[in-house]
Amino acid sequence: MGVSNFEQRDLENILTTATVTPHVNQLLVHAGNTPSELLAYCETKDILVEAYSPIAHGAILDNPDIKTMAAKYGVSVPQPCIRYTLQLGTVSLPKTASPAHMCANAEVGFTISSADMDALRNPQAQDYGEHSVFPVYSGK
Ligand SMILES: NC(=O)c1ccc[n+]([C@@H]2O[C@H](COP(=O)([O-])OP(=O)(O)OC[C@H]3O[C@@H](n4cnc5c(N)ncnc54)[C@H](OP(=O)(O)O)[C@@H]3O)[C@@H](O)[C@H]2O)c1
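Using the numbering used here, read the sequence shown as starting at 230 and increasing by one per residue.
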């Protein structure tokens, strides 16, 4: 069974009442939006987190911090974004309509240093532009 956007209180509720433990919780996880406590809670309950929108719906592509980091690792901007979510222990769910992007998005065998992982938790403030209307991006 999988769930989506379940907070800890939702999981606690379902764990006390349901007969089947959710195996998967889909959460919005990307550089700049890391629900660390919830990720840790899911880990203690053996609930796999699937990180949706790891590239922040594409809005992160112009982030200067991440551009600099991508250049440092010699990769394109989406790659450290995807790798970041993998190193958090999640399954990353990037979406693309481009076969070339899909191939690039699978090339994430490099390792992000722990200092850079920390930097990716809180990159420079982002403007989600037209995507700010989506609740997940506006914080509403
Ligand atoms: N459970 C939930 O509540 C929930 C909510 C939202 C989303 N999701 C799921 O999560 C997945 C991803 O969501 P998302 O579309 O919001 O965000 P995303 O994967 O963070 O971003 C997708 C955007 O990034 C671009 N992109 C991807 N790879 C790229 C690359 N290598 N270079 C340049 N641009 C690249 C795509 O454009 P191109 O097509 O041009 O590559 C697209 O505009 C979807 O499968 C969606 O169904 C689940």
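We treat Cβ as the ideally placed atom computed from N, Cα and C, and that holds for glycine. Quick caveat: nothing in here was measured; it's all calculated off a predicted structure.
| Check | Outcome |
| --- | --- |
| Those runs of the beta strand (DSSP E) which lie wholly inside the stretch 258-323 and span at least 3 residues | 277-281, 320-322 |
| 6 Å CB neighbourhood of Pro251 in its chain, flanking five on each side removed | Met230, Val232, Ile276 |
| Candidates Val258, Leu240, Thr246, of which the one nearest Val320 by Cα | Val258 |
| Burial state of Phe235, where buried means 16 or more other Cβ atoms lie within 10 Å | buried |
| Cut-off 7 Å between Cβ atoms - residues of its own chain near Thr325, not counting five sequence neighbours on either side | Met331, Asn334 |
| Within 9 Å, strictly: CB atoms of Ser282 and Arg350 | no |
| DSSP state of Lys369 mapped onto helix, strand, coil | Low per-residue confidence applies at Lys369: pLDDT is 46, beneath 50, and the placement is therefore not dependable, though the value from the model is reported in the following sentence. Here Lys369 sits in coil by DSSP. |
| Cβ separation of Glu279 and Leu322, assumed to be a contact under 8 Å, to the nearest whole Å | 5 Å |
| Reduced DSSP secondary structure (H/G/I, E/B, other) of Asn351 | coil |
| Residues bridged to Ser233 (per DSSP) | Gln255 |
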